[in-house]
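Undergrad: Straight run, no breaks: the sequence shown in this note's numbering ends on number 605.
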Amino acid sequence: VYRTDSSVSFNYRSVFDVGKTTTTLQADGLHEDLTVFRLRFTGIRELNLKQIQFRFFGVPVKTMQAEEIASSIFDATSIRTELKGKSPQEIRLYIPSDNADLYFKPYNYLSFPFWAGYLLVLYGISLLLVQGLFALLEKIGVKNRLEEILFFSYPAAVVMFGELANGSVSAMDTPYFFLNYGGLLGLSLVLRALTTRSLSLTLVNLFFGVAYLANHFVSLFRGRPILPWDIRAMNTAADVAAQYNYTLTPRILCLCLVILGAATLPYLLKLSVLRDFLEESGKKRKTGVHRGGVLSGSRFSAEAFYTKTEEGTEAKKPLKKRLAARALFFLSGAALLALLHLSPLYGNLQTDSWDVYIVMDYQRQGFPATFLKFYESYQVHAPKGYSRAEVERIYKEYAALARKENAKTAEEFGRKKHPAKILMIMNESLSEISYENKDIEQDTMPFLRSLHKNTVRGNLYVSVRGGGTCNTEFESLTGNSMAFYLPIPIRMRGI
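As structure tokens, this is what we get:
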């Protein structure tokens, strides 16, 4: 759940404040895939909760009455609840103090019939677009119109159902949808120039469909989507993945059907019977016309080199036309990819490495585009003006001064006694709760504070938010900042 004015709560929880004057609480812009729904009470001790209603564009899609609300409460944090009245019932809440919270269980308020209707509406719109495309392609003399429409529309289906499976549909803005769709289409065009229409459609959409499926389960099991540096840990991930149980929800089943379609539809459309039925639009086929085998080998392996004549035979295109067609596909795909990559929309994609923001970035911007942006953003590059010669010049400049200062320091150092070993203990389980905490009356670490002899105290400044064990160890042991390295440098660079 998220609220538009509180991005930190995105996809994790949503907090709604209830005060003395609250009679109706309306919260706009909720994520369609609820995680945790929470009410927080301030300045009120008793309250009757009548119903919770969810609306889609102002139309009620789900209303929870008292009994259903009571069964959906996950944690009341000392709030006492009881049902009152007969019909309709109400829930009486007894609130002991301010900032008391009422949690509700994860709840999918958009039911299967709603999604069925939603997808039917999209299907109806798609039919109208297909009819227009058919008419346009027919006028310009394009053959195999249905296959062409499938080629250009299937990446949109993969993005749509992939984001639906990952709970991102209501979070993603329309421009980002077309950014991801354009990326898949551009790759398809480039591959079409190098292979065939059917093979390029299958390879691109099958790959990204499976990637969306994997991202769903990775996000489900660890609460964070697939990131570029996870690729190095694929063997470990495969071992861990075998220990989980997988549930096929309706959304996942829809995505699986899309993946299956990417692998089969381009070749099913080559069936003579199906092609005749679809392309003739119900007209009677002329007698005496025979198209040959169900899956003609020449048709399957060299479809880009052939065009159908009116008699149903296949005549090979001239070499110049074949090369020109492939060059057009390649240049079109490359130009589309370059245009998207250089666009402000892609350039302004967010890639925050803190968990809650990673989820937010993936869901608002789409999986393919955000994954690529993360990969580009976390590459280690030499700073401007850096070179070995420049480093040696700086070294020589300060070498003489350093020798003089070091000699003086060494003389002073030699007159003192020094321990043979220095131990540094990094205890990940240690919690120093009194640090910067003036409300702690009792000393939480009396023994450590009693150590004075041969003891030097100080605070280690950790520049990595949220720690990150290996990152903090790297900074502490080397004295180097993580500012110019990847979030997990060991996995990516072997540091």
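Every residue gets a Cβ at the ideal spot worked out from N, C-alpha and C, and that includes glycine.
Please read these numbers as outputs of a predicted model, since none were measured by experiment.
Under a three-way DSSP split, which group does P170 fall into?
TA: Within the sequence shown, the letter at position 60 stands for residue 170. Strand at P170.
Undergrad: For A492, does the count of other Cβ atoms within 10 angstroms reach 16, so buried, or fall short, so exposed?
TA: If you number the sequence shown from 1, residue 492 lands on position 382. Counting Cβ neighbours within 10 Å, A492 comes out exposed, since fewer than 16 surround it.
Undergrad: Would you tell me roughly how many angstroms separate the C-alpha atoms of S463 and M592, rounded to the nearest one?
TA: As a first step, residue 463 must be located in the sequence shown, where it is residue number 353. As a first step, residue 592 must be located in the sequence shown, where it is residue number 482. Cα to Cα, the separation comes out at about 13 Å.
Undergrad: Taking the straight line between their C-alpha atoms, what separation do you get for M534 and P556?
TA: Counting from one through the sequence shown, the residue named residue 534 turns up at place 424. Counting from one through the sequence shown, the residue named residue 556 turns up at place 446. Cα-Cα distance, rounded: 20 Å.
Undergrad: Going by DSSP, name the residue or residues bridged to N325.
TA: Taking the first residue of the sequence shown as 1, we reach residue 325 at position 215. In DSSP, N325 forms no bridge with anything.
Undergrad: Which residues bound the beta strand (DSSP E) around I201?
TA: By 1-based counting over the sequence shown, the position of residue 201 is 91. Run containing I201: E200 to Y204, per the beta strand (DSSP E) assignment.
Undergrad: Under a Cβ-count criterion, where at least 16 other Cβ atoms within 10 Å of its own Cβ denotes burial, should F439 be classed as buried or exposed?
TA: Taking the sequence shown and counting its residues from 1, one reaches residue 439 at position 329. By the neighbour-count rule (16 or more Cβ atoms within 10 Å), F439 is buried.
Undergrad: Going by alpha carbons, who is nearest to N355 out of G195, F327, F244 and A343?
TA: Looking up residue 355 in the sequence shown gives position 245. When only C-alpha atoms are compared, the closest one is F327.
Undergrad: Are the region 232 to 247 and the region 188 to 204 touching by the rule of at least three beta carbon pairs closer than 8 Å?
TA: no
Undergrad: Exposed or buried, T565, counting other C-beta atoms within 10 Å across all chains shown (16 or more means buried)?
TA: As a working note, residue 565 is residue 455 in the sequence shown. Exposed.
Undergrad: Is it buried or exposed for K494, if we count other Cβ within 10 angstroms and need 16 for buried?
TA: In the sequence shown, residue 494 corresponds to position 384, counting from 1. Answer is exposed; the Cβ neighbour count stays below 16.
Undergrad: Does DSSP put R395 in a helix, a strand or coil?
TA: The residue labelled residue 395 in the question sits at position 285 within the sequence shown. Summary for R395: the model assigns pLDDT 42, below 50, so the residue's position carries little reliability; its value from the coordinates is reported in the next sentence. Correct three-state label for R395: coil.
Undergrad: The alpha helix (DSSP H) spanning K431 covers which residue range?
TA: In the sequence shown, counting from the first residue as 1, residue 431 sits at position 321. Note, K431: alpha helix (DSSP H), L429 to L452.
Undergrad: Could you tell me the distance, in whole angstroms, from the CA atom of S181 to the CA atom of A210?
TA: Position 71 of the sequence shown, counted from the start, is the residue given in the question as residue 181. Position 100 of the sequence shown, counted from the start, is the residue given in the question as residue 210. Whole-angstrom Cα-Cα distance: 19 Å.
Undergrad: Looking at the unbroken alpha helix (DSSP H) that takes in V551, where does it start and where does it end?
TA: On the sequence shown, residue 551 is found 441 positions in, with the first residue counted as 1. According to the sequence displayed, residue 551 carries Glu and not Val. No alpha helix (DSSP H) contains E551, which DSSP labels as neither H nor E.
Undergrad: Do G296 and G443 have their beta-carbon atoms positioned less than 8 Å apart in this structure?
TA: Within the sequence shown, residue 443 is the residue found at index 333, counting from 1. Within the sequence shown, residue 296 is the residue found at index 186, counting from 1. Against a cut-off of 8 Å, the Cβ pair of G296 and G443 comes out as a contact.
Undergrad: Between the region 471 to 488 and the region 330 to 349, do at least 3 Cβ pairs fall closer than 8 Å?
TA: A contact exists between the region 471 to 488 and the region 330 to 349.
Undergrad: Using the beta-carbon count (16 or more within 10 Å), is R503 buried or exposed?
TA: Position 393 of the sequence shown, counted from the start, is the residue given in the question as residue 503. The residue is exposed, with fewer than 16 neighbouring Cβ atoms inside 10 Å.
Undergrad: Does N290 come out as helix, strand or coil in the three-state DSSP assignment?
TA: For the purposes of this step, residue 290 is taken as residue 180 along the sequence shown, with counting starting at 1. Of the three classes helix, strand and coil, the one that applies to N290 here is helix, per DSSP.
Undergrad: State yes or no: is the C-beta of Y213 within less than 8 Å of the C-beta of D185?
TA: The count along the sequence shown starts at 1 and reaches residue 213 at position 103. The count along the sequence shown starts at 1 and reaches residue 185 at position 75. In this structure, D185 lies closer than 8 Å to Y213 by Cβ.
Undergrad: Using DSSP with H/G/I as helix, E/B as strand and the rest coil, what is Y606?
TA: Because the chain is modelled from 111 through 605, residue 606 falls outside the range shown and cannot be assessed.
Undergrad: Please state whether the Cβ-Cβ distance between N315 and A275 is less than 8 Å.
TA: Numbered from 1 along the sequence shown, position 205 holds the residue referred to as residue 315. Numbered from 1 along the sequence shown, position 165 holds the residue referred to as residue 275. Their beta carbons are not under 8 Å apart, which means N315 does not touch A275 by this criterion.
Undergrad: I need the boundaries of the beta strand (DSSP E) containing N156, first residue and last residue.
TA: The residue labelled residue 156 in the question sits at position 46 within the sequence shown. Checking the sequence shown, residue 156 turns out to be Glu, not Asn. Note, E156: beta strand (DSSP E), E156 to L159.
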